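J.: One structure, as structure tokens, below. Some questions next.
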Amino acid sequence: MIYQHKPVLLSEVATALNLKNGDVVIDGTLGGGGYTMEFSSLVGKTGRVLSIDADELALNNFRQIQKTKGFDNVKIIKGNFRDMFDLVKPDVGTGLVAAIALDLGLSSAQLDDLNRGFAFSTDGPLDMSFDSNGIKTRQVVNKFSEAELIKIFRNYGEEPMASRIAKAIVVARRKSSIESSGRLVEIIGESLPAAYKARSRNHFATRVFQAIRIATNHELQALAEVLPQALRLLKPGGRLAVVSFHSLEDRIVKNFIKQESKDCICPPMVPVCVCGHLARLKNLTKKPVIANEDEIKLNPRARSAKLRVAEKLN
Ligand SMILES: C[S@@+](CC[C@H](N)C(=O)[O-])C[C@H]1O[C@@H](n2cnc3c(N)ncnc32)[C@H](O)[C@@H]1O
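With the sequence shown counted from 1, adding 1187 to any position gets you this note's numbering.
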């Protein structure tokens, strides 16, 4: 078994999706297969689980699970969930899917993979791409201008020391290109005041690594693109559940559900509706669901998880 990943908010997601025998469900982020296996049992032999992941590590792992444990009602699909509609087209079309789940970000197995550079705690080649081609992360770090680096560190990492870190990266790469996660951590560490590092609740490189990963994989764009496709695929009464791990992702999900739960989305200054927009979703989580203390004790990663759920209207 190559995969170690404790699913986050598993029972909350499964309950929220309200799956029944015979349902077709899409797991947009297969990962270690925790959600997929649960969905597979809930929809039974007559149901179908279409499970997408961009990362070969996750897909291979689940192929191994299927060899030994079955889960024959699961179809594994390689691809980016930003192309969800096309990826599932051979199996299911508009208005036919009972539930769609997205559990965003990385799995523990990806973080632990020493051949990649996702984690700042281990030294590996600088490759934070889900589909492991390894080119784009090095481009971000070695080719993005100082201004672009500042922008991604601020926007995607909410890093207060964005300028200082970006400057240090630009200076360091003039001497030699930055090729490993260990070297990047070193540069970030040297650029920050000791007091700032000591005050940091998380590792001092956390926010920059997150930002670079988000930029490498165009993660926010992928999320913004998949949500309307999910809405199109769901049948009336079908449910969408999204688990996110940072505020930028959660904001995209929250705003999408808010907008799609309203009839008119004209700007407030327009006196009479001209948009003709009709609500297509019912928001089932006014406040996001978060993990309880027991789960957080067992799995610290659950601490930042937020689940939002919506139901497709008729
Ligand atoms: C947090 S893990 C999912 C864990 C899973 N729910 C479980 O129970 O094991 C996220 C997975 O989504 C994949 N992923 C992230 N963004 C993706 C995207 N845009 N398209 C396809 N897969 C993506 C990652 O490769 C990773 O395997």
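Ideal Cβ placement from N, Cα and C applies to all residues, glycine included.
Fair warning: this is a prediction, and the values are worked out from it, not measured in the lab.
1) By a C-beta neighbour count over all protein chains shown, 10 Å radius and 16 as the cutoff for buried, is K1493 buried or exposed?
2) On the DSSP bridge assignment, give the partners of N1470 in chain order.
3) When you compare each of N1404, T1324, A1349 to S1368 by their alpha carbons, which one comes out closest?
4) Does V1459 come out as helix, strand or coil in the three-state DSSP assignment?
5) Is R1269 near ligand 1, going by C-beta to nearest heavy atom under 7 Å?
6) Please classify R1386 as buried or exposed, where buried requires at least 16 other C-beta atoms within 10 Å of its C-beta.
7) Under 8 Å: do the segment 1277-1296 and the segment 1192-1206 share three or more Cβ pairs, one atom per stretch?
8) Could you tell me whether any non-hydrogen atom of ligand 1 is closer than 7 Å to the CB of S1294?
9) Please report how far the alpha carbon of T1216 lies from the alpha carbon of P1458, in whole angstroms.
10) Is any heavy atom in ligand 1 found nearer than 7 Å to the beta carbon of Y1383?
11) Could you check how far apart the C-beta atoms of L1313 and E1373 are, in whole angstroms? I think they sit under 8 Å.
12) What are the uninterrupted segments assigned as alpha helix (DSSP H) that are 4 or more residues long and contained completely in the segment 1188-1220, given in chain order?
13) S1431 bridges to which residues according to DSSP?
14) Starting from R1394, follow the beta strand (DSSP E) in both directions and report where the run begins and ends.
15) Assign S1238 to one of three DSSP states: helix, strand, or coil.
16) How is V1372 classed by DSSP in three states: helix, strand or coil?
17) Please confirm if the segment 1348-1366 is in contact with the segment 1415-1431, defined as three or more CB-CB distances below 8 Å between the two stretches.
18) Pull up the CB-CB distance for I1337 and A1355, whole angstroms please, since I reckon it's below 8 Å.
19) What residue does the alpha helix (DSSP H) around I1452 start on, and which one ends it?
20) For A1359 and L1298, what's the separation of their Cα atoms in angstroms?
21) Can you find at least 3 beta carbon pairs, one from the segment 1235-1253 and one from the segment 1380-1400, that sit closer than 8 Å?
22) Near T1281, which residues of its chain fall below 8 Å by C-beta distance, leaving aside the five closest residues on each side in sequence?
23) If we require 3 or more residues per run, which beta strand (DSSP E) segments fall completely within the segment 1240-1278?
24) Just checking, does the segment 1218-1233 make contact with the segment 1258-1269 on the three C-beta pairs under 8 Å criterion?
25) I1483: beta carbon under 7 Å from a heavy atom of ligand 1?
26) Hey, how far is the Cα of N1503 from the Cα of E1436?
27) Taking the alpha carbon of N1470 as the reference point, which residue from G1463, V1476, I1483, E1498 has its own alpha carbon closest?
28) Which of helix, strand or coil does DSSP assign to A1306?
29) Answer with buried or exposed for T1403, where buried requires no fewer than 16 other C-beta atoms within 10 angstroms of its C-beta.
T.: With the given structure in hand:
1) buried
2) A1497
3) T1324
4) coil
5) yes
6) exposed
7) yes
8) yes
9) 42 Å
10) no
11) Contact flag wrong, Cβ pair sits at about 12 Å.
12) 1197-1204
13) K1493
14) Careful: R1394 lies outside any beta strand (DSSP E), inside the alpha helix (DSSP H) at 1393-1404.
15) strand
16) Correct three-state label for V1372: helix.
17) no
18) In fact, because the Cβ distance is near 12 Å, the residues do not count as touching under 8 Å.
19) Careful: I1452 lies outside any alpha helix (DSSP H) and carries neither H nor E.
20) 25 Å
21) Output reads no: the segment 1380-1400 does not touch the segment 1235-1253.
22) R1419, L1420
23) Complete beta strand (DSSP E) runs here, min 3: 1261-1265.
24) yes
25) no
26) Not covered by the structure: residue 1503. The range shown for the chain is 1188 to 1501.
27) E1498
28) coil
29) buried
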